[in-house]
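Asks:
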Amino acid sequence: MCTMKKSHRFQNKMIWDQASTRKEAVCFLFLSPQKKIEQQYEDIYDLCGHHSNCLLKQDDQMCFVMHSEANPFTGTLSPHFRKIRVCGGMNVMSVIRKFIFNEIKYSKIGFDVWQLIEGGLGILTKLLRDTFRIFFFKSISSIKVKKNKNINSAKYFKESKIFQGHSRFVNCVNFSPDGANIVSSSDDKTVRIWDVKSGREIKRLKGHSHWISNAQFSRNGDMVVSCSDDNTIRLWDVKSGQELRKFEGHWAAAKGVQFSPNGHIIASCSLDTTIRIWDIESGENIKTLEGHTKVVNDVQFSSDSKFIVSSSFDQTVGIWNVKSGQREQKLIGHSGAVLKARFSPNGLAIASCSSDTTIRIWDTASGREIRKLEGHIDLVNDFQFMADGQIIASCSSDKTIRLWDVKSGKEFQRWKGHAVPITGIDISPTGNKISVVKIKILQSEKIKLITLKLFSIV
Numbered sequence: 261m262c263t264m265k266k267s268h269r270f271q272n273k274m275i276w277d278q279a280s281t282r283k284e285a286v287c288f289l290f291l292s293p294q295k296k297i298e299q300q301y302e303d304i305y306d307l308c309g310h311h312s313n314c315l316l317k318q319d320d321q322m323c324f325v326m327h328s329e330a331n332p333f334t335g336t337l338s339p340h341f342r343k344i345r346v347c348g349g350m351n352v353m354s355v356i357r358k359f360i361f362n363e364i365k366y367s368k369i370g371f372d373v374w375q376l377i378e379g380g381l382g383i384l385t386k387l388l389r390d391t392f393r394i395f396f397f398k399s400i401s402s403i404k405v406k407k408n409k410n411i412n413s414a415k416y417f418k419e420s421k422i423f424q425g426h427s428r429f430v431n432c433v434n435f436s437p438d439g440a441n442i443v444s445s446s447d448d449k450t451v452r453i454w455d456v457k458s459g460r461e462i463k464r465l466k467g468h469s470h471w472i473s474n475a476q477f478s479r480n481g482d483m484v485v486s487c488s489d490d491n492t493i494r495l496w497d498v499k500s501g502q503e504l505r506k507f508e509g510h511w512a513a514a515k516g517v518q519f520s521p522n523g524h525i526i527a528s529c530s531l532d533t534t535i536r537i538w539d540i541e542s543g544e545n546i547k548t549l550e551g552h553t554k555v556v557n558d559v560q561f562s563s564d565s566k567f568i569v570s571s572s573f574d575q576t577v578g579i580w581n582v583k584s585g586q587r588e589q590k591l592i593g594h595s596g597a598v599l600k601a602r603f604s605p606n607g608l609a610i611a612s613c614s615s616d617t618t619i620r621i622w623d624t625a626s627g628r629e630i631r632k633l634e635g636h637i638d639l640v641n642d643f644q645f646m647a648d649g650q651i652i653a654s655c656s657s658d659k660t661i662r663l664w665d666v667k668s669g670k671e672f673q674r675w676k677g678h679a680v681p682i683t684g685i686d687i688s689p690t691g692n693k694i695s696v697v698k699i700k701i702l703q704s705e706k707i708k709l710i711t712l713k714l715f716s717i718v
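This note's numbering puts the first residue of the sequence shown at 261, with every later residue one more than the last.
Put into structure tokens, the structure is as follows:
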């Protein structure tokens with residue numbers, strides 16, 4: 261339940277009562293825009309029914325949604341409420357934006373406090389639309405957020421599956437484009453493909469003679485590319501498990517690899533400080549990009565395949581023109597090795613994570629740092645953007661997974677149910693699952709699949 265200071269006074273209160281055969285009532289309370297308020301709660305819930313991890317601080321307009329105990333509806337609301345849910349917190353905002361253009365879907369999925377009944381949907385939908393207009397359009401832009409002391413206890417994460425089979429460290433995991441499979445790479449010199457639903461290993465790709473740092477699916481899901489400390493890049497057929505091609509040219513361990521979105525080329529990076537671009541059909545090394553002074557950890561393409569972003573132990577992020585091979589931007593700001601860098605889905609920003617414990621967001625065009633995400637207390641090993649680019653999921657050697665609001669730079673969700681560092685992370689295409697890699701010393705390696713319940717309704 262929720263308690264408020266007695267001094268809080270509701271002004272310009274508007275109440276709509278909706279009769280229900282389920283013996284429930286709905287009440288909307290809007291606070292006057294002129295009244296500044298500080299909320300204090302013992303127990304806070306968001307629209308998904310979970311404990312909220314954010315509080316609204318001195319917001320000028322607040323909306324409470326309540327439903328009464330299951331008493332017969334008499335035209336007035338029961339004074340006893342069994343739960344209060346708060347329309348607040350950026351975790352909720354990011355989900356609600358998905359439903360702007362479909363109020364029916366919005367009311368059914370987003371607002372589970374309402375029991376939709378036959379014959380009452382039209383009126384109820386109108387009320388929801390009014391609530392959306394009044395609260396979300398007027399209030400979201402001026403929202404101020406502070407962390408709840410219970411941020412660690414919010415329960416959006418649920419461990420759903422463990423994939424076991426690798427005999428040594430697992431270095432990365434990535435979903436297939438349809439989200440049905442996961443590919444993993446390991447120090448046991450194998451690449452493995454797993455069925456997400458059953459957790460069963462369905463293919464084991466063998467050929468590398470040393471540790472395998474990375475493996476990725478192609479855009480159509482038909483192929484996998486992998487890179488290894490044996491200095492090679494290898495291309496595999498997913499259906500047969502056969503090696504299709506071997507790319508040779510790096511003179512030291514290959515640490516990162518990526519298919520271009522257009523499917524024509526592959527980029528790889530290495531301990532030899534170079535980035536190489538390969539033609540998929542011929543296997544030819546068509547360009548070598550030079551400029552980093554230390555190990556290049558990772559490479560990622562822009563969505564149009566025209567640019568590559570690289571991350572390096574030299575503490576910089578590079579933006580490269582694929583056609584010319586020239587470095588167009590050198591992003592400087594991290595005080596430790598940059599472990600991963602990625603373009604945002606719209607390409608306007610780049611995010612990077614580092615051994616300096618931060619994630620930084622950069623403007624792609626100018627190369628200017630626009631935001632620093634601070635909260636991890638050890639290496640930030642990996643991160644991913646959600647599909648809409650509004651949220652980042654990160655993993656760290658501090659044994660946590662964290663979710664961040666990109667616009668504000670605020671952490672709004674943390675899951676710390678791990679006993680060991682987390683070294684890799686990926687998000688399913690539907691946005692409702694996260695796969696992570698954990699380091700397990702002296703034990704078989706495990707891939708854990710985490711269901712992110714916050715996004716299960718998307």
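Idealized CB from N, CA, C, for every residue including glycine.
Since the structure is predicted, the reported quantities are computational estimates derived from the model, not experimental observations.
1) Where does GLN586 land, buried or exposed, given buried means 16+ other C-beta within 10 angstroms?
2) Starting from ARG505, follow its DSSP beta bridges and name the residues at the other end.
3) Measuring alpha carbon to alpha carbon, tell me which residue in GLY425, ILE685, LEU549 is nearest LEU599.
4) With 16 other CB atoms within 10 Å as the buried threshold, where does ASP665 fall?
5) Based on Cα-Cα distance, which residue from ILE652, ARG452, SER572 lies nearest to GLU634?
6) Skipping 5 residues on each side, what residues in its chain have a beta carbon closer than 6 angstroms to that of HIS468?
7) Report the rounded CA-to-CA distance for THR533 versus ILE525, giving the unit in angstroms.
8) Could you give the distance in angstroms between the alpha-carbon of GLN673 and the alpha-carbon of THR660?
9) Would you kindly report the start and end of the unbroken beta strand (DSSP E) that includes PHE477?
10) Who are the near neighbours of ALA513 in its chain, counting only those whose CB is closer than 6 angstroms to its CB and skipping five residues on each side?
11) Run through the DSSP bridge pairs and tell me what GLY578 is partnered with.
12) So what does DSSP say about SER486, is it helix, strand or coil?
13) Let me confirm a value: THR492 is counted as buried when at least 16 other C-beta atoms fall within 10 Å, else exposed. Which label applies?
14) Hey, would you say ASP658 sits closer than 8 angstroms to ASP642, going by beta carbons?
15) Alpha carbon to alpha carbon, how far is SER595 from ASP727? Give it in angstroms, no decimals.
16) Whose C-beta lies closer than 6 angstroms to the C-beta of THR690 among residues of the same chain, with five residues either side of it excluded?
17) Evaluate the contact criterion for the stretch 470 to 478 versus the stretch 505 to 523: three or more CB pairs, one atom per stretch, below 8 angstroms.
18) Of the residues SER562, TRP675, SER427, which one's Cα is nearest the Cα of HIS636?
19) Can you tell me which of ILE546, MET483, SER572, SER500 puts its alpha carbon nearest to the alpha carbon of PHE720?
20) May I have the straight-line CA-CA distance separating SER528 from LYS457, to the nearest angstrom?
21) Taking all protein chains shown into account, do 16 or more other C-beta atoms lie within 10 angstroms of the C-beta of ALA611, making it buried, or fewer, making it exposed?
22) Report the three-state DSSP secondary structure of GLN560 (helix, strand or coil).
23) State the Cα-Cα distance for the pair THR683 and GLY543, rounded to the nearest angstrom.
24) Would you please state the rounded distance, in angstroms, between the beta carbons of ILE535 and VAL559? I believe it to be under 8 angstroms.
25) Let me check one thing: in DSSP terms, what residues is THR617 bridge-paired to?
26) If we ignore side chains and look at the alpha-carbon of each, how far apart do PRO605 and ASN441 end up?
27) Would you kindly work out how many angstroms separate the C-alpha atoms of THR548 and TRP538, rounded to a whole number?
28) CB ILE621 to CB CYS613, shorter than 8 angstroms?
29) Should ASN557 be labelled buried (16 or more other beta-carbon atoms within 10 Å of its own) or exposed?
30) Between GLU550, LEU608, SER571, which has its C-alpha nearest SER562's C-alpha?
31) Compute the Euclidean distance between the alpha carbons of VAL498 and CYS432, then round it to the nearest angstrom.
32) Using the C-alpha atoms, what's the distance from HIS510 back to HIS470?
33) Grab the span of the beta strand (DSSP E) containing GLY523 for me, first residue to last.
34) Assuming the contact rule is C-beta atoms closer than 8 angstroms, VAL569 and ALA597 should be a hit. Round their C-beta distance to whole Å, please.
35) Looking only at its chain, what residues have a beta carbon closer than 7 angstroms to the beta carbon of LYS506, apart from the 5 residues adjacent to it on each side?
Replies: The answer reads as follows:
1) Working through the sequence shown from its first residue, we reach residue 586 at position 326. So GLN586 counts as exposed.
2) In the sequence shown, the residue the question calls residue 505 occupies position 245. ARG505 is bridged to LEU495.
3) Sequence index remark: in the sequence shown, residue 599 carries index 339 (1-based). Closest option to LEU599, Cα to Cα, is ILE685.
4) Counting from one through the sequence shown, the residue named residue 665 turns up at place 405. The residue in question, ASP665, is buried, as its Cβ has 16 or more Cβ neighbours within 10 Å.
5) Locating residue 634 in the sequence shown gives position 374, where the first residue counts as 1. Of ILE652, ARG452, SER572, the residue nearest in Cα terms is ILE652.
6) Residue numbering aside, residue 468 sits at position 208 when the sequence shown is read from its first letter. Excluding residues within five positions, the ones whose Cβ falls inside 6 angstroms are LYS449, SER488, ASP490.
7) Here residue 533 refers to the residue found at position 273 when the sequence shown is read from its first residue. Here residue 525 refers to the residue found at position 265 when the sequence shown is read from its first residue. For THR533 and ILE525, the distance between alpha carbons rounds to 20 angstroms.
8) In the sequence shown, counting from the first residue as 1, residue 673 sits at position 413. In the sequence shown, counting from the first residue as 1, residue 660 sits at position 400. The straight-line gap from Cα to Cα measures roughly 10 angstroms.
9) Stepping through the sequence shown from its first residue, residue 477 is reached at position 217. 472 to 477 is the span of the beta strand (DSSP E), which, as asked, contains PHE477.
10) Within the sequence shown, residue 513 is the residue found at index 253, counting from 1. Excluding positions up to five away in sequence, the list reads ASP489, LEU531.
11) As a first step, residue 578 must be located in the sequence shown, where it is residue number 318. BP columns for GLY578 point to SER570, LYS590.
12) The residue you call residue 486 lines up with position 226 of the sequence shown. Three-state DSSP puts SER486 in a strand.
13) By 1-based counting over the sequence shown, the position of residue 492 is 232. The residue is buried, with at least 16 neighbouring Cβ atoms inside 10 Å.
14) Reading the sequence shown from its first residue, position 398 is the one you call residue 658. Reading the sequence shown from its first residue, position 382 is the one you call residue 642. No, Cβ-Cβ distance for ASP658 and ASP642 is not below 8 angstroms.
15) This structure leaves residue 727 out entirely; the chain is present only between 261 and 718.
16) Taking the sequence shown and counting its residues from 1, one reaches residue 690 at position 430. Closer than 6 angstroms at the Cβ level, and outside the excluded window around THR690, lie GLY439.
17) yes
18) Translated into the one-based positions of the sequence shown, residue 636 becomes position 376. Closest option to HIS636, Cα to Cα, is TRP675.
19) Look at the range of the chain in this structure, 261 to 718, and you will see that residue 720 is not part of it.
20) By 1-based counting over the sequence shown, the position of residue 528 is 268. By 1-based counting over the sequence shown, the position of residue 457 is 197. Each residue's Cα considered, the two are about 31 angstroms apart.
21) What you label residue 611 is simply residue 351 of the sequence shown in a count that begins at 1. Looking at its Cβ environment, which holds 16 or more other Cβ atoms inside 10 Å, ALA611 is buried.
22) Looking up residue 560 in the sequence shown gives position 300. Three-state DSSP puts GLN560 in a strand.
23) Numbered from its first residue, the sequence shown carries residue 683 at position 423. Numbered from its first residue, the sequence shown carries residue 543 at position 283. Straight-line Cα distance between these residues: approximately 30 angstroms.
24) The count along the sequence shown starts at 1 and reaches residue 535 at position 275. The count along the sequence shown starts at 1 and reaches residue 559 at position 299. Between VAL559 and ILE535 the Cβ distance is about 6 angstroms, and since that is below 8 angstroms, they are a contact.
25) By one-based count along the sequence shown, residue 617 stands at place 357. According to DSSP, THR617 bridges with nothing at all.
26) The count along the sequence shown starts at 1 and reaches residue 605 at position 345. The count along the sequence shown starts at 1 and reaches residue 441 at position 181. One C-alpha to the other measures close to 22 angstroms.
27) Here residue 548 corresponds to residue number 288 of the sequence shown, with the count starting at 1. Here residue 538 corresponds to residue number 278 of the sequence shown, with the count starting at 1. Roughly 9 angstroms between the two C-alpha positions.
28) For the purposes of this step, residue 621 is taken as the residue at position 361 of the sequence shown. For the purposes of this step, residue 613 is taken as the residue at position 353 of the sequence shown. No, they are not a contact pair.
29) The count along the sequence shown starts at 1 and reaches residue 557 at position 297. It counts as buried.
30) Residue mapping note: residue 562 aligns to position 302 of the sequence shown, counting from 1. The candidate whose alpha carbon is nearest that of SER562 is LEU608.
31) Here residue 498 refers to the residue found at position 238 when the sequence shown is read from its first residue. Here residue 432 refers to the residue found at position 172 when the sequence shown is read from its first residue. Their Cα atoms are separated by approximately 17 angstroms.
32) Along the sequence shown, read from residue 1 onward, the residue named residue 470 stands at position 210. Along the sequence shown, read from residue 1 onward, the residue named residue 510 stands at position 250. Near 14 angstroms, if we compare the C-alpha coordinates of HIS510 and HIS470.
33) Residue numbering aside, residue 523 sits at position 263 when the sequence shown is read from its first letter. Where GLY523 is concerned, there is no enclosing beta strand (DSSP E), given that its DSSP letter is neither H nor E.
34) Start at 1 with the first residue of the sequence shown, and residue 569 comes out as number 309. Start at 1 with the first residue of the sequence shown, and residue 597 comes out as number 337. Actually they are not in contact, since the Cβ atoms of VAL569 and ALA597 sit about 15 angstroms apart, beyond 8 angstroms.
35) Taking the first residue of the sequence shown as 1, we reach residue 506 at position 246. Hits under 7 angstroms: THR492, ARG494.
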